[in-house]
Amino acid sequence: MVRLIIESGSAELNFFSYKWREYFPVKTINAFFFLWYTAANVFIFSLALNVSAANPQKYGYGIGKETLLTPSPFVYFALFVIHILFAGTVLYVQWTERGKQLVVDQFGLGFSLLMALGTLWAGAWVRRWYIPAFVLALLVFLVATWIYVRLKRNNRFTIESDIQEHAFVHLPFSLYHGWSIFMLVITTFSAFAPFPPFSGLWTTVFAVWLLILLAGTSVGYSIAVPEGDIAGATVITFGLYSIFIHRVRYESSHGNQQPVVVWASLAAAIISAAAIVQSGRGIWKVRRGGALRLDAVGGVEDVTPDNHGRSSRPGGV
Numbered sequence: 209m210v211r212l213i214i215e216s217g218s219a220e221l222n223f224f225s226y227k228w229r230e231y232f233p234v235k236t237i238n239a240f241f242f243l244w245y246t247a248a249n250v251f252i253f254s255l256a257l258n259v260s261a262a263n264p265q266k267y268g269y270g271i272g273k274e275t276l277l278t279p280s281p282f283v284y285f286a287l288f289v290i291h292i293l294f295a296g297t298v299l300y301v302q303w304t305e306r307g308k309q310l311v312v313d314q315f316g317l318g319f320s321l322l323m324a325l326g327t328l329w330a331g332a333w334v335r336r337w338y339i340p341a342f343v344l345a346l347l348v349f350l351v352a353t354w355i356y357v358r359l360k361r362n363n364r365f366t367i368e369s370d371i372q373e374h375a376f377v378h379l380p381f382s383l384y385h386g387w388s389i390f391m392l393v394i395t396t397f398s399a400f401a402p403f404p405p406f407s408g409l410w411t412t413v414f415a416v417w418l419l420i421l422l423a424g425t426s427v428g429y430s431i432a433v434p435e436g437d438i439a440g441a442t443v444i445t446f447g448l449y450s451i452f453i454h455r456v457r458y459e460s461s462h463g464n465q466q467p468v469v470v471w472a473s474l475a476a477a478i479i480s481a482a483a484i485v486q487s488g489r490g491i492w493k494v495r496r497g498g499a500l501r502l503d504a505v506g507g508v509e510d511v512t513p514d515n516h517g518r519s520s521r522p523g524g525v
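According to the working numbering, the sequence shown is numbered sequentially starting from 209.
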């Protein structure tokens, strides 16, 4: 594939220019796979509309194997929010010059690959093909992590960035990265763990370890960069809370079988919520003391003033 080169300060692409012809297929393919992913999820969500006593729901989100880490169905509302934000990314932002630099130049067809894998995972998940769903969830996580790391490394959070960049680039990719981690954990447990009545000591230990891993990921979001990552930590906190709610309901109707997982999920959700607060403090410090700005070649420089009012960058005044 022709290598895409960022030209700082270049004018908007002319429709008939070579660059437009070079970038247009990538943007179109991104839009196609996003619409495919959206159509698949709309169909899955629509399966719940015609449910009745005579026609019970057989497939869909929240319908399937019960495990110690099964979340409440309301957790899939996060996926709805991610779709809304990705619509802004694909149908609007990537067609602007700044959006081209952030989405097309940085990821190329990586976004299309992410949407394709997400669609395949959704199909395998609702069909209860848990082993293929586990493999696909792992691939989704790897691609989402690749995109997330590139975005954070080359285009870190700045106060000066416009609202479109925050809302339709940084926010959806952070949300989706957190979502991919959460669903990888849930899919792994569905693929390899037994039903709750048959869950022994090692299954419980494995469940608690995964809950700790999720809480630790939220903490990692809050300390990995100065401004933290509220979006990623929020998705994981939301997921942990949904696991706690579902376990409470399950235990109350089936007897108190696994109280350890109930309290572990609550503790993990509280720790994860604390990470959200820490990320909020990080953003406040960036706003109060300075900011990280993108330099001309896409790098990051610290322009936080020191005690004498001078910038920390070389030659700062």
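Even for Gly, the Cβ is constructed at its ideal location relative to N, Cα and C.
These figures come from a predicted structure and were not determined experimentally.
Look at the beta carbons and you see the stretch 439-452 touching the stretch 483-490: at least three pairs across the two are nearer than 8 Å. Fully enclosed alpha helix (DSSP H) runs of no fewer than 4 residues occupy 379-400, 409-432 of the stretch 367-439, in order along the chain. Restricting attention to Val-494, Ser-430, Thr-412, the CA atom closest to the CA of Val-470 is found in Thr-412.
In this model, Trp-329 and Ser-450 are separated by some 21 Å (Cα to Cα). The distance from the Cβ of Ala-352 to that of Tyr-300 is about 21 Å, inconsistent with a contact at the 8 Å cut-off. Membership of Leu-276 in any alpha helix (DSSP H) is not indicated, and neither H nor E is assigned to it by DSSP.
With a cut-off of 8 Å on Cβ pairs, the stretch 334-346 is not in contact with the stretch 415-430, counting fewer than three such pairs. Counting along the chain, no alpha helix (DSSP H) covers Ser-280, and no H or E run does either. Taking C-beta atoms under 8 Å as the contact rule, Gly-490 and Ala-439 fail to qualify, at a distance of about 13 Å. Residue state for Lys-360 is assigned as helix, using DSSP reduced to three classes. The three-state reading of DSSP puts Lys-308 in helix, counting H, G and I together.
Between the C-alpha atoms of Ile-453 and Ala-247 there is a straight-line separation of about 29 Å. Non-local beta-carbon contacts of Phe-403 in its own chain, meaning distances under 8 Å to residues more than five positions away in sequence, involve Lys-273, Glu-274, Thr-275 in chain order.
Here Lys-266 is exposed: its Cβ has fewer than 16 other Cβ atoms, across all protein chains shown, within 10 Å.
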